[in-house]
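*Asks:*
Right, dumping it as structure tokens:
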């Protein structure tokens, strides 16, 4: 029936006219559609849109009758045509096409049902399996090589994107979810010292598997303990300005060889470039100079001392400064021993030496120390000192560098972190035998 209708339509065409082949083909297809009783409602539709619709119907009819070999040949030609077209694309056109493809894929996957999604994944897996199974040895080798290159390029681009990111921290980025940043939580606990570490850290990183034994930290004195734990009325202010409050009591000054101040933006930033160092001045200020750093501890009047600290570090609360100041006078052994040395040696040529390492108390004359087992740096008066020792004069305008390996390096700079003046880092910590605590020579 269908063949007869097509033959009838072809016999009833008008005489051949000088129209383009494509237009004649469309007219022929329209004539056949009219034989089948198909009508086109073309009201408001342009001729171009109408022609596209006719072409789609014509192509669908032609593809329904093509053989498998013809289908493969058509797909091959389409791929070649697409490759040639994309090779001639400009950068902007390529980006626009890829963005459109991504959007179309996202919309398609957003509207698919669970069954459609499972079917798509299953079909993709089967297609990949069949394609890989039919590969030749050379094709497989080339595919794996291209995949290695692609993965390497991706990893390199990711690391390049994060290069120096620690120096340009962006709070809007979710760093824990970056695939190239795998840190994890500090959930690994040392069985010997109880230190918390990241899972990938070595087991002996903290205490060398019980070979390094450090004394327990002392309890924080009041009011510092309540301020740190949030149980003090001024805890919020203290914790938000803890660096300022520590700077109010530091005994040494902080410096760098190449300071850089970035004043752009809403928050000026002090950047360090070069060497960082600490300097120590004299115990007492010169007659015509204001006291600063360690010199403030020996002004002799608590109110005058607190006001001077607030003047040097604006924004701090005087009442809180007074309470912390009293705490340090009562607990920090550095201030106590410096004061003892000054009182016992009223001469102006007094020199106080803070030894870089612990030594037996009986090994020094005129030692200002107490015979406690956990006692820290040994402080003596005199001229017997070594290269790494800290030598403080009674009055001078000279600033002296402090060796970074000195046992008191951190204590003098961060008195609120070490309120008792506990041991800081030292290069002469002896190892002990695990289980016996006997020192290893």
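Residue numbers (our numbering): 7 to 447. Note that beta-carbon positions come from the ideal geometry of N, C-alpha and C, so glycine has one too. Please read all numbers here as calculations on a predicted model, not as lab measurements.
Among 72, 406, 302, 217, which has the Cα closest to the Cα of residue 451?
*Replies:* A question about residue 451 goes unanswered here, because the residues of the chain that appear run from 7 up to 447.
*Asks:* Under 8 Å by Cβ, that's how I've got residue 243 and residue 323 pegged, so tell me the actual separation to the nearest angstrom.
*Replies:* Residue 243 to residue 323, Cβ: 7 Å. Contact.
*Asks:* Do residue 405 and residue 255 come within 8 Å of each other at the CB atom, strictly closer than that value?
*Replies:* For residue 255 and residue 405, no; Cβs fall outside 8 Å.
*Asks:* Restricting to runs no shorter than 3 residues, where is the beta strand (DSSP E) found entirely within the region 273–351?
*Replies:* Qualifying beta strand (DSSP E) stretches, in chain order: 275–286.
*Asks:* Round the Cβ separation of residue 428 and residue 233 to the nearest angstrom and send it over; I've been treating them as touching at under 8 Å.
*Replies:* So it is not a contact: roughly 18 Å between Cβ atoms.
*Asks:* What is the residue span of the alpha helix (DSSP H) that residue 233 lies within?
*Replies:* Residue 233 -> alpha helix (DSSP H) spans 230–235.
*Asks:* Return the CA-CA distance between residue 258 and residue 151, expressed in angstroms with no decimal places.
*Replies:* Looking at the two C-alpha atoms, the distance is approximately 60 Å.
*Asks:* Go to residue 89, then tell me how far its alpha helix (DSSP H) extends in each direction, as first and last residue.
*Replies:* Unbroken alpha helix (DSSP H) run through residue 89: 74–93.
*Asks:* Taking DSSP's pairing of strands, which residues face residue 397 in a bridge?
*Replies:* Residue 397 is bridged to 359.
*Asks:* I'd like the list of long-range same chain contacts for residue 305, defined as Cβ closer than 8 Å, with 5 residues on each side in sequence excluded.
*Replies:* Closer than 8 Å at the Cβ level, and outside the excluded window around residue 305, lie 297, 311, 314.
*Asks:* Does the separation of the CB atoms of residue 285 and residue 403 fall below 8 Å?
*Replies:* It is not a contact, given that the beta carbons lie outside the stated cut-off.
*Asks:* Counting pairs of Cβ atoms below 8 Å between the region 413–420 and the region 215–222, do you hit three or more?
*Replies:* Segments in contact, no.
*Asks:* Can you have a look at residue 78 and say buried or exposed, based on whether 16 or more other CB atoms are within 10 angstroms of its CB?
*Replies:* It is exposed - the Cβ of residue 78 has fewer than 16 other Cβ atoms within 10 Å.
*Asks:* Residue 438 bridges to which residues according to DSSP?
*Replies:* Residue 438 pairs with 445.
*Asks:* I need the straight-line Cα distance from residue 28 to residue 102, nearest angstrom please.
*Replies:* Any reading at residue 28 must be qualified, since the residue scores a pLDDT of 47, below 50, and its modelled position is unreliable; no value is offered.
*Asks:* Classify residue 188 as buried or exposed, calling it buried when 16 or more other Cβ atoms lie within 10 Å of its own Cβ.
*Replies:* Residue 188 comes out exposed.
*Asks:* Check whether the Cβ atoms of residue 191 and residue 199 lie closer than 8 Å to each other.
*Replies:* No, the Cβ-Cβ distance between residue 191 and residue 199 is not below 8 Å.
*Asks:* Helix, strand or coil for residue 48, going by three-state DSSP, please let me know.
*Replies:* In this prediction, residue 48 scores a pLDDT of 41, lower than 50, which makes its location untrustworthy; no coordinate-derived value is stated.
*Asks:* Could you name the residues that DSSP lists as bridge partners for residue 407?
*Replies:* DSSP, once it has assigned bridges, lists 285 as partnering residue 407.
*Asks:* What does the Cβ neighbour count give for residue 424, buried or exposed, with the cut at 16 atoms within 10 Å?
*Replies:* Its Cβ being crowded by 16 or more others within 10 Å, residue 424 is buried.
*Asks:* Distance check for residue 252 and residue 214, CA to CA, integer angstroms please.
*Replies:* Approximately 32 Å, taken between the alpha carbons.
*Asks:* Going by DSSP, name the residue or residues bridged to residue 260.
*Replies:* DSSP output for residue 260 lists 284 as bridge partner(s).
*Asks:* Hey, out of 92, 290, 307, whose CA is closest to residue 300's CA?
*Replies:* The shortest Cα separation from residue 300 among 92, 290, 307 belongs to 290.
*Asks:* For residue 203, does the three-state DSSP call read helix, strand or coil?
*Replies:* It is a strand residue.
*Asks:* Report back the beta-carbon spacing between residue 397 and residue 357 to the nearest angstrom; my notes put them in contact at under 8 Å.
*Replies:* At roughly 6 Å, the Cβ-Cβ gap stays under 8 Å, so residue 397 and residue 357 are in contact.
*Asks:* Excluding five sequence neighbours on each side, which residues of the same chain lie with their C-beta closer than 7 Å to the C-beta of residue 109?
*Replies:* Excluding residues within five positions, none has a Cβ falling inside 7 Å.
*Asks:* Kindly identify the DSSP beta-bridge partner or partners of residue 195.
*Replies:* 202, per the DSSP bridge assignment.
*Asks:* Please report the straight-line C-alpha distance between residue 348 and residue 399, rounded to a whole angstrom.
*Replies:* Looking at the two C-alpha atoms, the distance is approximately 10 Å.
*Asks:* On the three-state DSSP scale, how would you describe residue 179?
*Replies:* In this structure, residue 179 counts as coil in the three-state DSSP scheme.
*Asks:* When DSSP labels each residue in this structure, what does residue 172 get in the three-state scheme?
*Replies:* Three-state DSSP puts residue 172 in a helix.
*Asks:* Exposed or buried, residue 229, counting other C-beta atoms within 10 Å across all chains shown (16 or more means buried)?
*Replies:* Answer is buried; the Cβ neighbour count reaches 16.
*Asks:* Starting from the C-beta of residue 342, find all residues in its chain whose C-beta is less than 6 Å away, skip the five residues before and the five after it, and write them out in chain order.
*Replies:* For residue 342, where only same-chain residues beyond five positions count, there are no Cβ hits under 6 Å.
*Asks:* So which of 430, 149, 250 has the shortest CA-CA distance to residue 134?
*Replies:* The residue with the shortest Cα to Cα distance from residue 134 is 149.
*Asks:* Might you give, ordered along the chain, the residues of its own chain that have their beta carbon closer than 6 Å to the beta carbon of residue 431, omitting 5 neighbours on each side?
*Replies:* Excluding positions up to five away in sequence, the list is empty.
*Asks:* Could you check what DSSP says for residue 248 in three-state terms: helix, strand or coil?
*Replies:* Note: residue 248 maps to helix in three-state DSSP.
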